[in-house]
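Enquirer: For reference, the structure I am asking about is given below.
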Amino acid sequence: MRLVSHSEGIGRIEGDEVALLDLPYRDLGACLAAGGVESCRDATVRKRLPLGEARLLAPVPRPPKVICVGINYHDHVEELRSVLGAFEAPKEPVFFFVPSSAVTGPNDPIYMPEIAPGQVDHECELAVVIGRGGRDLDASTAWRHVAGITMANDVSARDVQAKAMGGQIFELSHAKGFDSFKPMGPCLVTMDEVELPLDLEISCSVSGTEYQRARTSALVFDVPTCLALISRYVSLEPGDVVLTGSPAGVGFFQGRFLVEGDVVEVSGEGIGTLRNVVEPAAKRGER
Ligand code: MG
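Residue numbers for the sequence shown follow our numbering, so the first one is 5 and each next one is one higher.
Here it is, written out as structure tokens:
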């Protein structure tokens, strides 16, 4: 199934339509918390909307946790090495948390933070959504805890990130947790439609120019390995979203940061495209 969250409830994508389902959940997050998305398979349809006109929300608009894995593509390690010199890839997955208030929809604006508008950057990433919670997961069975996959843009303010990495502020999440900095969607592709081992093409373009393209088979640490490690630190809960890391091509290494009016398109094979326009902080009050 390809499932969506919409202001009127949960839907299945059927062809070029969104079939809104007769289920009592406000969004897929509530559905996952209530036991999982299998009820979406046979639910009756109460309304149909043209997919192109449906204003979709992030699949899980307010996840219990958003967990981001960093430095997890070999070409991104090379990119870092080219600037930093002797940079070694992590020996095990490295991760951090961002607030769920940063999550935004697949067609919503990315707002420049007033405090740090100068070095806002994109990172296209495959994301997994937890279906069944757990702790101390075994990598060999970790996929069983995943409800499905979606796309995310791990938008980052690099000047704030530099302060965090230089020890001037404590939290990497300050750089990556601004409101609207985690566009997600457009849909949740349930695991029955996902071929394993995972080998999907992901890409990112900014105002028509492609900056990132990679296959998820090039991850340093695959999804099960990441989930196993993360769940040794924190319990995973239904609706948690784990971003799996960005491949090479982020603006920081291209000398090109996002500017107002840019259209950032993050795509994932079989998942769809996030299309977010960059807007100034001042516009936030108008919505
Ligand atoms: Mg990232």
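We treat Cβ as the ideally placed atom computed from N, Cα and C, and that holds for glycine.
Among the residues of its own chain, which have a CB less than 7 Å from the CB of Ala-143, if the five just before and after it don't count?
Expert: The count along the sequence shown starts at 1 and reaches residue 143 at position 139. For Ala-143, where only same-chain residues beyond five positions count, the Cβ hits under 7 Å are Pro-228, Thr-229 and Ala-232.
Enquirer: Leaving out the 5 sequence neighbours to the left and right, which residues in its chain are closer than 7 Å to Cys-191 when beta-carbon positions are compared?
Expert: To locate residue 191, count along the sequence shown from 1; it is residue 187. For Cys-191, where only same-chain residues beyond five positions count, the Cβ hits under 7 Å are Arg-6, Leu-7, Val-8, Ile-17, Pro-63, Thr-154, Ile-275 and Gly-276.
Enquirer: Kindly provide the chain-ordered list of residues whose Cβ lies closer than 5 Å to any non-hydrogen atom of the ligand MG.
Expert: Output, sorted by chain position: Glu-127, Asp-158 and Ser-250.
Enquirer: Measuring CB to CB, does Asp-203 end up less than 7 Å from Ser-160?
Expert: Reading the sequence shown from its first residue, position 199 is the one you call residue 203. Reading the sequence shown from its first residue, position 156 is the one you call residue 160. Not in contact: Asp-203 and Ser-160 (Cβ atoms no closer than 7 Å).
Enquirer: Quick one: Cα of Glu-96 to Cα of Pro-201, how far?
Expert: For this step, residue 96 is matched to residue 92 along the sequence shown. For this step, residue 201 is matched to residue 197 along the sequence shown. Using only the alpha carbons, I get a separation of about 19 Å.
Enquirer: Report yes or no: do the region 91 to 105 and the region 121 to 139 share at least 3 C-beta pairs separated by less than 8 Å?
Expert: Not touching, per the Cβ criterion.
Enquirer: Could you give the first and the last residue of the continuous alpha helix (DSSP H) run that contains Lys-167?
Expert: Counting from one through the sequence shown, the residue named residue 167 turns up at place 163. First-last of the alpha helix (DSSP H) with Lys-167: 162 to 169.
Enquirer: Counting beta carbon pairs with one atom in the region 106 to 125 and one in the region 174 to 189, are three or more of them shorter than 8 Å?
Expert: Yes, the region 174 to 189 is in contact with the region 106 to 125.
Enquirer: Go ahead and label Gln-165 buried or exposed: buried means 16 or more other beta carbons lie within 10 angstroms of its beta carbon, across all protein chains shown.
Expert: In the sequence shown, residue 165 corresponds to position 161, counting from 1. Buried, by the Cβ-count rule.
Enquirer: Given that a residue counts as buried once 16 or more other Cβ atoms are within 10 Å of its Cβ, and exposed if not, what is Ser-207?
Expert: On the sequence shown, position 203 is the one that residue 207 refers to. Buried, because 16 or more other Cβ atoms sit within 10 Å of the Cβ of Ser-207.
Enquirer: Report the option in Leu-223, Gly-15 and Ala-58 whose CA atom is closest to the CA atom of Ala-47.
Expert: If you number the sequence shown from 1, residue 47 lands on position 43. Closest option to Ala-47, Cα to Cα, is Gly-15.
Enquirer: Run the CB neighbour count on Pro-65, radius 10 Å, all protein chains shown included, and call it buried at 16 or more, exposed below.
Expert: One-based indexing of the sequence shown puts residue 65 at position 61. The residue in question, Pro-65, is buried, as its Cβ has 16 or more Cβ neighbours within 10 Å.
Enquirer: Just tell me which of Val-102, Cys-44 and Gly-259 has its CA closest to the CA of Ala-151.
Expert: In the sequence shown, counting from the first residue as 1, residue 151 sits at position 147. Closest option to Ala-151, Cα to Cα, is Cys-44.
Enquirer: So, for Leu-130: in the same chain, excluding its five sequence neighbours on each side, which residues have a beta-carbon less than 7 Å away from its beta-carbon?
Expert: Position 126 of the sequence shown holds residue 130. Within the same chain, Leu-130 has close Cβ partners Ile-153, Met-155, Leu-204, Ile-206, Thr-220, Thr-248 and Gly-272.
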